[in-house]
Structures are given as structure tokens and as C-alpha cells.
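A.B. asks: Okay, so the sequence shown: first residue is 1 according to the working numbering, each after it adds one.
Backbone N, C-alpha and C fix where the C-beta goes; we use that ideal spot for every residue, glycine too.
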Amino acid sequence: MKNILFMDNKPTVSIIIPLYNKESYVQRALDSVEYQTFKDYEVIVINDGSTDNGPEIVKRHKNLPVRMYNQSNKGPGAARNRGVKESRGKYIAFLDADDEWLPTFLEYSYYLLEKHTICDICVSAWYQEFVSSENPENGNSIIDIYKRRGIELYPGIITPDIVIREKRNLYLWFTSTVFLRRDVFRNGYRFYGSTRHTYGEDFYLWLQLAFNHTFYRNCTPLAWYHNNASDLAKGSYYNNPLEAFLLWPDKIVANSRLENRRKIRCWIANYAIRSAHSRLGVGQFANAVILIKKHPSMIVTSTASFLFLIIKIILYKTGVYKPGKGRSKYLFM
Numbered sequence: 001m002k003n004i005l006f007m008d009n010k011p012t013v014s015i016i017i018p019l020y021n022k023e024s025y026v027q028r029a030l031d032s033v034e035y036q037t038f039k040d041y042e043v044i045v046i047n048d049g050s051t052d053n054g055p056e057i058v059k060r061h062k063n064l065p066v067r068m069y070n071q072s073n074k075g076p077g078a079a080r081n082r083g084v085k086e087s088r089g090k091y092i093a094f095l096d097a098d099d100e101w102l103p104t105f106l107e108y109s110y111y112l113l114e115k116h117t118i119c120d121i122c123v124s125a126w127y128q129e130f131v132s133s134e135n136p137e138n139g140n141s142i143i144d145i146y147k148r149r150g151i152e153l154y155p156g157i158i159t160p161d162i163v164i165r166e167k168r169n170l171y172l173w174f175t176s177t178v179f180l181r182r183d184v185f186r187n188g189y190r191f192y193g194s195t196r197h198t199y200g201e202d203f204y205l206w207l208q209l210a211f212n213h214t215f216y217r218n219c220t221p222l223a224w225y226h227n228n229a230s231d232l233a234k235g236s237y238y239n240n241p242l243e244a245f246l247l248w249p250d251k252i253v254a255n256s257r258l259e260n261r262r263k264i265r266c267w268i269a270n271y272a273i274r275s276a277h278s279r280l281g282v283g284q285f286a287n288a289v290i291l292i293k294k295h296p297s298m299i300v301t302s303t304a305s306f307l308f309l310i311i312k313i314i315l316y317k318t319g320v321y322k323p324g325k326g327r328s329k330y331l332f333m
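This is the structure we're talking about:
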């Protein structure tokens with residue numbers, strides 16, 4: 001593939017970067033945009049109430065077509081939704097301010113969607129950089145990490161029916177490697193942004209898209225995920241709140257095709273029961289109970305697992321069951 005430079009009035013790609021107190025990292029993210037081989041883009045930065053010098057760093061970056069919008073702090077979901085509203089491109093790409101793209105991310109993502117016109121979204125693999133340099137998975141691609149866990153992922157076209165049958169088809173949905181046609185937002189899909197919720201607000205959108213649109217899974221790593229700036233990553237599952245898509249599932253179901261809604265509600269309930277076990281396993285008794293109340297259908301979709309959960313809750317209340325304090329198994333990872 002060669003370098004691509006378009007001269008249309010509207011850019012082909014709108015790049016959306018939410019910014020909240022990332023002054024130590026945003027320069028790296030912007031540089032990775034500047035080094036892209038694909039040049040027909042606009043950069044939309046949503047300053048989500050930053051109190052550091054991050055917005056000034058953006059203003060000083062003169063080599064990019066940047067438009068920055070300021071708003072009070074509403075969380076990453078609301079910031080990305082604002083970016084979508086302000087975008088003009090045929091395609092949209094999201095880049096978190098503490099991550100970075102490899103130089104061919106835009107070019108190759110664009111190429112794949114132009115080639116596979118049945119697909120509305122392209123999701124790509126990435127390399128991981130963890131807080132601790134001693135982490136054995138540091139610097140590895142997510143594909144290799146999954147392979148060591150016995151999970152093989154292959155490139156190809158993934159339909160909604162395949163996603164509903166097998167949750168591993170969501171494993172490459174990572175915000176900084178999602179590239180999609182802007183038209184999909186005409187259906188009312190959005191990140192969760194009604195409250196400042198910062199856990200699972202992205203999968204609140206990814207589920208809506210994956211349950212209703214065909215996407216292309218690209219197993220070539222095209223970005224770096226850096227979790228050294230993430231408050232969630234620095235903590236553990238023990239401290240993390242419940243995922244937004246588990247707390248507010250109704251719109252996800254309502255935005256899906258009528259014939260798939262029952263299956264999707266079952267899919268979310270099955271995820272909720274696994275999450276409830278994990279939450280209880282790290283001492284989040286209250287959150288486990290919330291999930292039972294939010295997803296009563298789990299007693300039908302996962303009867304044995306539900307009864308086991310109830311037993312563990314009783315044993316927890318009587319002091320017999322002693323949860324750990326480490327990181328419980330993360331369901332998508």
C-alpha cells in the first residue's frame with residue numbers, strides 16, 4: 001500500500017481523542033497520529049475538564065488539523081460521544097490520549113473496510129505495555145497473550161449471529177483500535193455517557209455494534225495499549241465498579257434487532273452471572289447482589305451457576321466463604 005493523501009473538502013477519517021489529565025502522554029498520542037501514512041483526517045480533541053497542561057500541549061502541536069472542544073468533566077463516554085457529534089469524516093477512529101498507533105493503523109484499517117464492504121467496523125490487535133516492567137506479558141501482542149491462554153483468534157469477517165453464539169469474538173474490541181463507518185451512529189448507538197461512569201462505558205457501545213453489524217477482525221497489531229496512565233489498571237478488580245453495560249443493559253437490548261433481543265438479554269445475563277461470581281470472589285458482596293437484581297433471568301439461563309452463587313453468598317454472610325483480595329479473572333481478558 002502507498003501513502004494516501006486526499007484533498008476533499010471533508011476528511012475521510014475523523015480521529016476522536018478524549019482528554020482528561022493526560023499531559024504526560026498526549027504528546028505521544030498526537031505524534032503517532034502525525035506519523036500515520038494515511039493523511040486525510042481531522043483530529044477532534046474533547047478536553048473533558050482537564051486540570052493539567054494537556055490542552056496546552058494539544059494547542060502547541062501545529063502539524064495536525066486539530067479542533068479542540070472544551071467541556072466540564074463528564075467522563076470518557078460522554079467525551080467520545082461529543083467527538084462523534086462534531087465529526088465530519090466518512091470513517092471514525094478512536095484514540096485514547098495515553099495510547100498510540102503504529103504508522104499504518106489508519107491506512108490498513110481503511111483498506112480493510114474498503115475491501116470488505118459488508119463490514120461496518122474493523123477491530124485490530126495491539127501490543128500491551130503494563131505498569132510493571134516485570135510483567136511477563138509486557139511488550140507482547142494481544143494475539144500472542146490469548147494464544148498462551150489457549151485461545152486462538154483468526155482474522156476474518158464476524159457477523160452478529162457469531163458474536164451472540166461465542167463471546168470470544170469480542171476479545172479484540174479495544175477502543176484505540178476500533179475503526180468504523182460514521183453512518184452506524186445514525187442508528188442511535190452511543191458510548192455510555194449519562195453519568196460519569198468509567199468502567200465498561202466503551203463495551204456499552206461495542207455490544208450494540210457487534211450485536212447488529214458485521215465487522216472485520218484484524219489480527220495484525222496496529223497500536224500500543226499503555227495502561228500506566230489508567231487508574232483502573234493501577235488498582236485491581238477488587239476496586240473496580242460494575243461495568244456500565246451490566247448496570248444499564250436495557251438500551252443495548254432495545255437498540256438490537258427484534259428477533260435477537262431475547263438471545264442478547266440471555267447473553268448479557270450469562271455474562272452477569274460470571275461477573276457476580278468474580279465480584280463475590282474479591283469481596284464485592286453488594287455488587288454481586290446488584291447483578292442478581294439487575295439480571296433476574298440468570299436463574300433461567302444459568303441455573304446451576306446461579307444456585308452455586310446463592311450458596312456462596314449464604315456462606316459469605318455466615319463467614320464460611322472467605323473471598324480473596326487479588327485480581328479476579330477478568331471476563332474479556
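(1) With which residues is Y127 paired in a DSSP beta bridge?
(2) What number of angstroms, rounded off, separates the C-alpha of S256 from the C-alpha of N187?
(3) Are the Cβ atoms of S124 and N218 separated by less than 8 Å?
(4) Tell me, to the nearest whole angstrom, how far the beta carbon of V45 is from that of V33; I am working on the premise that it is less than 8 Å.
(5) For K234, count neighbouring Cβ atoms within 10 angstroms of its own Cβ and tell me buried if that reaches 16, exposed if not.
(6) So what's G188 in DSSP terms, helix, strand or just coil?
(7) Considering only residues of the same chain and omitting the five flanking positions on each side of F306, which have a CB-CB separation below 7 Å?
(8) From the DSSP output, in three-state form, read off P18 for me.
(9) With a Cβ-Cβ cutoff of 8 Å, do I118 and R182 count as a contact?
(10) Within 10 Å of its beta-carbon, does D202 have 16 or more other beta-carbons around it, so buried, or fewer, so exposed?
(11) Tell me, please, which residues DSSP counts as bridged to N218.
(12) Is the segment 13-26 touching the segment 82-98, taking contact as three or more C-beta pairs under 8 Å?
(13) Considering only residues of the same chain and omitting the five flanking positions on each side of G200, which have a CB-CB separation below 6 Å?
(14) Quick check on the DSSP output: what are the complete alpha helix (DSSP H) runs of length 4 or more inside the segment 57-132, in order along the chain?
(15) Nearest to N140 by CA position, among K74, E129 and D52, is which residue?
(16) Give the range of the alpha helix (DSSP H) segment to which V289 is assigned.
(17) Residues bridged to W42 by DSSP?
(18) In whole angstroms, what is the alpha-carbon distance linking V26 and I57?
(19) Using a Cβ-Cβ distance under 8 Å, would D250 count as near chain C?
(20) Which of the three DSSP states, helix, strand or coil, is assigned to V300?
(21) Whole angstroms is fine: what's the gap from G156's alpha carbon to I314's?
(22) Using the beta-carbon count (16 or more within 10 Å), is T303 buried or exposed?
(23) Pull up the distance between the alpha-carbon of K10 and that of D40, whole angstroms please.
(24) Does G54 come out as helix, strand or coil in the three-state DSSP assignment?
(25) Can the beta-carbon of A286 be found less than 8 Å from the beta-carbon of L309?
(26) In or out: L247 buried (at least 16 other Cβ within 10 Å) or exposed?
(27) Can you give the beta carbon distance from W126 to Y225, rounded, assuming they're within the 8 Å contact cut?
(28) Can you list, in chain order, the residues of its chain with a C-beta nearer than 8 Å to that of N169? Leave out the 5 residues immediately preceding and following it.
(29) Considering only residues of the same chain and omitting the five flanking positions on each side of W101, which have a CB-CB separation below 6 Å?
(30) How is the alpha helix (DSSP H) around R261 delimited, first residue to last?
(31) What did DSSP end up calling D48 once you bin it into helix, strand or coil?
(32) Here's the rule I'm using: 16 or more other beta-carbon atoms within 10 Å means buried, otherwise exposed. How should S278 be labelled?
(33) Tell me, please, which residues DSSP counts as bridged to V178.
(34) Assuming I162 is part of the beta strand (DSSP E), what are its boundary residues?
(35) DSSP on I313, reduced to helix/strand/coil?
C.D. replies: By the coordinates alone:
(1) S141 and W224
(2) 10 Å
(3) yes
(4) Contact doesn't hold; Cβ gap of about 10 Å is too wide.
(5) Its pLDDT being 47, under 50, K234 is placed unreliably by the model, and nothing is read from it.
(6) coil
(7) I273, M298 and I299
(8) strand
(9) no
(10) buried
(11) S124
(12) yes
(13) E243, A244 and F245
(14) 76-86 and 105-115
(15) E129
(16) F285 to K294
(17) Sequence check: residue 42 is Glu here, not Trp. E42 pairs with S14.
(18) 8 Å
(19) In the displayed structure, chain C is absent; only one protein chain is listed.
(20) helix
(21) 45 Å
(22) exposed
(23) 9 Å
(24) helix
(25) no
(26) buried
(27) 5 Å
(28) I158, I162, V163, A210 and R217
(29) S32 and A223
(30) R261 to G281
(31) strand
(32) buried
(33) V123
(34) Element bounds for I162: not the beta strand (DSSP E) but the alpha helix (DSSP H), P160 to R165.
(35) helix
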